[in-house]
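The block underneath contains the structure these notes are about, expressed in structure tokens.
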Amino acid sequence: MPIRHVLLAIAVAALWGVNFIAIDLSLAAYPPLLLAALRFGLIAIPTLLFVRPPRVRRRWVIGYGLGFGVLQFGFLYWGMAAGMPAGLASLVLQSSAPFTVLLGAVLLRERPTPARAIGIVAALFGLLVVGWQRAEHAALLPFLLTLAAGLGWAIGNVCNRQARTTEPFRLMLWMTVVPPLPLLALSAVLEGPERIGAALRGAIGPEGLWPTLGLLFTAIVATIGGSGIWTWLLSRHPAGLVAPFSLLVPVFGMTSAWLLLDERVQPGELAGGALVVAGVVLVAVAPASRSRRRR
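Heads up: the sequence shown begins at 33 in this note's numbering, then just goes up one per residue.
Right, dumping it as structure tokens:
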């Protein structure tokens with residue numbers, strides 16, 4: 033890759049890492065499910081008005097939106113609102129990589145190579161260590177919710193792969209049309225109209241300025257800008273060359289959380305995190321899979 037493209041890939045990883053700080057900032061004023069709905073709604077409205085739908089089966093767009101949008105960000109925001117530190121959330125969300133390989137093996141009959149299998153085991157063991165440390169030092173529920181977010185991302189990845197689109201950025205934009213209504217319905221039931229109304233009224237006041245800027249950063253800069261650049265890089269280079277740069281996301285996420293939020297991570301969590309990253313590296317750089325089983 034040219035050095036300019038390498039720097040772009042690193043910049044996207046930095047955007048996505050810092051994005052966890054923006055989410056943490058937004059959760060100070062918005063309930064988590066409402067915040068997730070607003071994030072996608074800000075992109076969905078102009079998409080419906082100005083972007084032509086991708087030429088893929090509708091069910092894969094819906095599945096992509098439900099997995100990547102509703103499940104991933106519904107659980108992620110809920111977990112962070114319940115107490116999951118922003119930096120640690122950026123790490124645990126990397127569980128999507130081994131989950132994607134496992135779902136591919138179960139649903140698509142993609143047999144992982146031995147190297148990928150070792151990576152999955154290492155990553156899952158690392159997550160167990162992080163979970164055990166969270167149970168020792170803090171509530172376990174936020175960790176489990178973030179882990180569920182990683183599984184949701186993996187479901188979205190499988191649907192995205194099955195769409196087999198030649199227009200990935202267009203598919204990503206239309207995926208955002210799916211989550212707002214389900215998330216708003218869940219927000220109305222679980223968070224209540226009074227809390228929603230108070231959050232929306234507070235958004236226009238001085239105390240809502242920074243949380244709203246965090247929401248705009250998440251929707252416009254991280255989602256449209258970051259995903260747009262990432263898609264552009266994937267269209268010019270092999271996925272195996274670009275994808276490993278996403279491993280820098282928890283590095284930027286945990287570093288920015290330490291610098292900006294004064295978050296401290298337990299030594300055991302760092303050890304478990306190192307295992308997760310090592311496992312994800314193996315999953316990312318090893319050959320994808322053996323040939324599918326003969327029918």
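A virtual CB, placed ideally from N, CA and C, is assigned to each residue, including glycine.
Shortest alpha-carbon distance to residue i belongs to which of the options?
i, options, result
"arginine 36", "Arg227, Leu183, Ile261 and Leu80", "Ile261"
"proline 299", "Leu205, Leu108, Trp164 and Leu245", "Trp164"
"alanine 60", "Ala306, Thr244, Val317 and Leu265", "Thr244"
"alanine 121", "Phe107, Glu199 and Tyr96", "Phe107"
"isoleucine 256", "Ala45, Phe201 and Val315", "Phe201"
"leucine 172", "Thr197, Ala129, Glu301 and Thr263", "Glu301"
"valine 50", "Tyr109, Trp264 and Gly246", "Gly246"
"arginine 87", "Gly304, Leu266 and Arg196", "Arg196"
"alanine 186", "Phe52, Ile53, Phe105 and Val209", "Phe105"
"valine 317", "Leu39, Thr287, Ser259 and Pro270", "Pro270"
"glycine 229", "Tyr62, Leu241, Leu159 and Val161", "Tyr62"
"leucine 81", "Val209, Val297, Arg89 and Arg268", "Val209"
"valine 93", "Leu159, Cys191, Gly237 and Ser58", "Cys191"
"leucine 65", "Thr287, Ala113, Ala149 and Leu203", "Ala113"
"glutamate 199", "Ala43, Asp56, Pro146 and Arg89", "Arg89"
"alanine 43", "Leu293, Pro85 and Ala254", "Ala254"
"arginine 193", "Gly234, Gly95, Ala289 and Phe175", "Gly95"
"valine 83", "Leu203, Pro144 and Gly73", "Leu203"
"alanine 45", "Ser288, Leu67 and Val297", "Ser288"
"valine 297", "Leu213, Ala170 and Thr263", "Ala170"
Buried or exposed for residue i, please, with buried defined as at least 16 other CB atoms from any protein chain shown within 10 angstroms of its CB.
i, result
"serine 323", "Legend: pLDDT at serine 323 = 46, less than 50; position of this residue unreliable, no value from coordinates given."
"leucine 291", "exposed"
"valine 221", "exposed"
"arginine 327", "For arginine 327, the predicted structure reports a pLDDT of 39, less than 50, and the residue's modelled location is therefore unreliable. The matter cannot be settled from this model."
"leucine 183", "buried"
"glutamate 226", "exposed"
"glycine 285", "buried"
"phenylalanine 277", "buried"
"valine 315", "buried"
"glutamate 168", "exposed"
"glycine 99", "buried"
"threonine 79", "buried"
"leucine 47", "buried"
"arginine 71", "buried"
"glycine 224", "exposed"
"proline 130", "buried"
"proline 146", "exposed"
"serine 267", "exposed"
"arginine 166", "buried"
"proline 174", "buried"
"proline 34", "exposed"
"alanine 217", "exposed"
"arginine 148", "buried"
"glycine 258", "buried"
Please state if the CB of residue j and the CB of residue i are separated by a distance shorter than 8 Å.
i, j, result
"threonine 250", "asparagine 189", "no"
"valine 281", "alanine 41", "no"
"leucine 125", "alanine 181", "yes"
"alanine 69", "leucine 177", "no"
"alanine 118", "glutamate 295", "yes"
"isoleucine 75", "leucine 205", "yes"
"glycine 101", "methionine 207", "yes"
"tryptophan 313", "leucine 265", "The displayed chain sequence assigns valine, not tryptophan, to residue 313. Their beta carbons are not under 8 Å apart, which means valine 313 does not touch leucine 265 by this criterion."
"glutamate 142", "glycine 151", "no"
"leucine 159", "serine 127", "yes"
"proline 211", "glycine 97", "yes"
"leucine 57", "tryptophan 242", "yes"
"isoleucine 55", "tyrosine 109", "yes"
"glycine 234", "leucine 123", "no"
I'd like to know whether the C-beta of residue i is nearer than 8 Å to at least one C-beta of chain C.
i, result
"alanine 154", "Of the protein chains in the structure, only one exists, and it is not chain C."
Across the stretch 141-161 and the stretch 304-321, are there enough close Cβ pairs to call them in contact, namely three or more that are closer than 8 Å?
yes
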